[in-house]
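Chains as they are written, first to last, in the numbering used here: chain P, 15 to 177; chain Y, 277 to 564.
#1: Quick check on DSSP: helix, strand or coil for residue 562 of chain Y?
#2: Return helix, strand or coil for residue 175 of chain P, following the three-state DSSP convention.
#3: From which residue to which residue does the alpha helix (DSSP H) around residue 472 of chain Y run?
#4: Using the three-state DSSP reduction, which class does residue 318 of chain Y fall into: helix, strand or coil?
#5: Between residue 435 of chain Y and residue 429 of chain Y, how many whole angstroms is the CB-CB distance? I'm expecting something under 8 Å.
#6: Just list the residues that DSSP pairs residue 284 of chain Y with in beta bridges.
#7: State the DSSP-derived secondary structure class of residue 335 of chain Y, mapped to helix, strand or coil.
#8: Compare the C-alpha of residue 76 of chain P against each of P/60, P/86 and P/85 and name the closest.
#9: Just the chain P side, please: which residues come within less than 7 Å of residue 282 of chain Y by C-beta, in chain order?
#10: Report yes or no: is there a C-beta of chain Y within less than 9 Å of the C-beta of residue 147 of chain P?
#11: Residue 333 of chain Y and residue 296 of chain Y - do their beta-carbons sit closer together than 9 Å?
#12: In or out: residue 542 of chain Y buried (at least 16 other Cβ within 10 Å) or exposed?
#13: Pull up the DSSP beta-bridge partners for residue 454 of chain Y, would you.
#14: In the stretch 345–379 of chain Y, which residue ranges form an unbroken alpha helix (DSSP H) of at least 4 residues, counting only runs that do not cross its ends?
#15: When the cut-off is 9 Å and only beta carbons count, does residue 126 of chain P lie next to chain Y?
#16: Along chain P, in chain order, which residues have C-beta atoms closer than 8 Å to that of residue 375 of chain Y?
#17: Buried or exposed for residue 468 of chain Y, please, with buried defined as at least 16 other CB atoms from any protein chain shown within 10 angstroms of its CB.
#18: According to DSSP, is residue 386 of chain Y part of a helix, a strand, or is it coil?
#19: Closest Cβ-Cβ distance between residue 110 of chain P and chain Y: below 9 Å?
#20: Per DSSP, which residues does residue 423 of chain Y bridge with? Please list them.
#21: Starting from the C-beta of residue 108 of chain P, find all residues in its chain whose C-beta is less than 7 Å away, skip the five residues before and the five after it, and write them out in chain order.
#22: Which value, in whole angstroms, describes the spacing of the CA atoms of residue 552 of chain Y and residue 472 of chain Y?
#23: If you follow the alpha helix (DSSP H) that residue 296 of chain Y is in, where does it begin and where does it stop?
#24: Taking C-beta pairs closer than 9 Å, name the residues in chain P that residue 385 of chain Y reaches, listed in chain order.
#25: Would you mind working out which of Y/367, Y/423, Y/352 and Y/375 sits nearest residue 391 of chain Y, comparing C-alpha positions?
#26: Along the stretch 18–32 of chain P, what residues have a CB closer than 8 Å to any CB found in chain Y?
#27: For residue 139 of chain P, which residues in chain Y fall below 9 Å Cβ to Cβ?
#28: What does residue 179 of chain P reach in chain Y if we use C-beta pairs closer than 9 Å?
#29: Tell me the rounded alpha-carbon separation between residue 278 of chain Y and residue 318 of chain Y.
#30: Could you give the DSSP three-state label for residue 156 of chain P: helix, strand or coil?
#31: Is there a Cβ of chain P sitting closer than 9 Å to that of residue 289 of chain Y, yes or no?
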């Protein structure tokens with residue numbers, strides 16, 4: 015019998031508490047216990063990045079962390095980006111620049127972009143491509159995703175305060 | 277790919293962690309960043325009875341530097357290392373090649389010490405540790421000891437760490453002169469691991485002569501090693517493009533070349549030579 019551990023975390027601004035086995039992966043706890051299915055399970059080997067979320071502002075692969083490792087942390091998932099009914103500038107850019115095809119990599123790509131633009135508000139193309147190295151897309155060939163991230167950085171700079 | 281069930285302990289002090297490991301021995305696995313351990317757990321390559329999560333041990337975080345050396349806490353993530361001003365001051369080129377070191381998202385969680393403890397044959401950080409002549413400080417049931425990195429990395433996924441030991445700190449006596457650091461690699465396109473990776477550290481003294489030339493190769497053999505034959509040629513001949521060509525012929529002299537499903541030994545040998553050549557030429561060029 016394995017015992018359950020209590021994990022307290024802030025997710026998208028809301029305090030949450032779950033009781034989980036220590037072996038539960040963060041991505042499964044997000045999806046199954048917290049109902050946040052926007053974060054995707056792709057490769058399960060930490061290569062594809064479809065599971066990327068922010069933990070204390072840093073992009074992490076949630077399939078490659080135990081939920082117990084983020085006890086006490088502040089998380090943001092794709093569901094936490096939009097405010098009321100307004101898409102985040104990164105989401106807007108992804109739509110307008112055709113950076114979404116099947117959509118499976120998209121939440122991970124967007125969360126990665128959110129972390130990148132927080133750390134480096136005006137990345138050049140090489141910096142964007144290097145930052146994206148841990149995220150895979152089978153559909154788009156990456157060009158439009160890079161364009162979208164560049165476009166988002168301009169929108170966010172234009173808007174003034176970073177989100 | 278769900279991990280097997282295991283007991284979980286989260287010690288709140290280093291003493292508690294050591295006591296846990298003393299109690300459980302080889303039935304326990306240490307969890308730091310988890311970026312290597314989770315690979316094993318998810319594939320069920322290991323089924324520890326207990327996982328000891330040292331993530332709460334703040335005394336193992338951070339980078340400290342004095343005039344002669346840097347000390348890196350075992351829980352320092354690879355990202356924190358690359359962002360550390362103390363490291364950036366002493367190794368200004370580390371950032372230039374940072375994009376080759378693993379995966380940027382994994383670097384946010386994975387630790388430098390963890391990469392060394394895991395000793396994956398295709399790891400990048402092992403080559404860097406070798407040219408930095410890192411000394412690995414460990415603590416266990418029998419006390420503390422310090423192990424030089426070349427004596428620490430023994431074989432694929434095998435280190436000198438005993439079953440009750442954990443790494444607490446890494447230290448490096450970074451040379452005082454004008455330093456150039458280069459890392460060059462051929463990566464597996466999916467996993468990103470090195471099929472061959474070469475780190476070069478050059479030190480130039482005030483007269484412009486190269487007083488140190490350290491070369492380490494990862495990915496091609498079962499463990500990362502210093503390419504002492506290459507170093508020997510360069511010491512004898514003075515660093516120049518001609519000497520680099522000559523040295524490259526000895527690139528794989530000490531390597532226990534590996535064949536696996538990703539690349540055979542013959543291909544790895546070619547890749548290792550190419551990376552040695554590129555790293556040395558780029559190092560020579562970067563040194564200016």
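Note that CB positions come from ideal geometry on N, CA and C, so glycine has one too. Please read these numbers as outputs of a predicted model, since none were measured by experiment.
This is what the structure gives:
#1: Helix.
#2: Only weak support is given to the placement of residue 175 of chain P: the predicted model assigns it a pLDDT of 49, under 50, and the value that follows is read from those uncertain coordinates. Reduced to three states, the DSSP call for residue 175 of chain P is coil.
#3: Per DSSP, residue 472 of chain Y belongs to no alpha helix (DSSP H); it is in the beta strand (DSSP E), 470–480.
#4: Assigned with DSSP and collapsed to three states, residue 318 of chain Y falls in helix.
#5: Contact holds; Cβ gap of about 6 Å.
#6: According to DSSP, which records beta bridges pairwise, residue 284 of chain Y is partnered with Y/327.
#7: In this structure, residue 335 of chain Y counts as helix in the three-state DSSP scheme.
#8: When the alpha-carbon of residue 76 of chain P is set against those of P/60, P/86 and P/85, the nearest one is in P/60.
#9: Under the 7 Å cutoff, chain P gives 36 and 37.
#10: Cβ-Cβ to chain Y under 9 Å: yes for residue 147 of chain P.
#11: 9 Å or more divides the Cβ of residue 296 of chain Y from the Cβ of residue 333 of chain Y.
#12: By the neighbour-count rule (16 or more Cβ atoms within 10 Å), residue 542 of chain Y is not buried but exposed.
#13: As a beta-bridge residue in DSSP terms, residue 454 of chain Y pairs with Y/480.
#14: Taking only runs of at least 4 residues, the alpha helix (DSSP H) segments lying wholly in the stretch 345–379 of chain Y are 354–359 and 361–366.
#15: At a cut-off of 9 Å between C-beta atoms, residue 126 of chain P counts as an interface residue with respect to chain Y.
#16: Here the neighbours are 144 and 147.
#17: So residue 468 of chain Y counts as buried.
#18: Under the three-state reduction of DSSP output, residue 386 of chain Y falls in the coil class, being neither helix nor strand.
#19: Interface annotation, residue 110 of chain P: not in contact with chain Y, CB-CB separation never under 9 Å.
#20: Beta-bridge pairing links residue 423 of chain Y to Y/412.
#21: The answer, listed in chain order, is 114, 120, 124 and 162.
#22: Taking the straight line from one Cα to the other gives about 9 Å.
#23: 290–300 is the span of the alpha helix (DSSP H), which, as asked, contains residue 296 of chain Y.
#24: Here the neighbours are 69, 72, 74, 75, 78, 79 and 83.
#25: With distances taken between Cα atoms, residue 391 of chain Y lies closest to Y/352.
#26: Per Cβ criterion, the list reads 19.
#27: Per Cβ cutoff of 9 Å: no residues; residue 139 of chain P is ~13 Å from chain Y at best.
#28: Outside the shown range of chain P, which is 15 to 177, sits residue 179 of chain P, and nothing can be said about it.
#29: Their backbone Cα atoms lie some 5 Å apart in a straight line.
#30: In the three-state reduction of the DSSP assignment, residue 156 of chain P falls in the coil class.
#31: Cβ-Cβ to chain P under 9 Å: no for residue 289 of chain Y.
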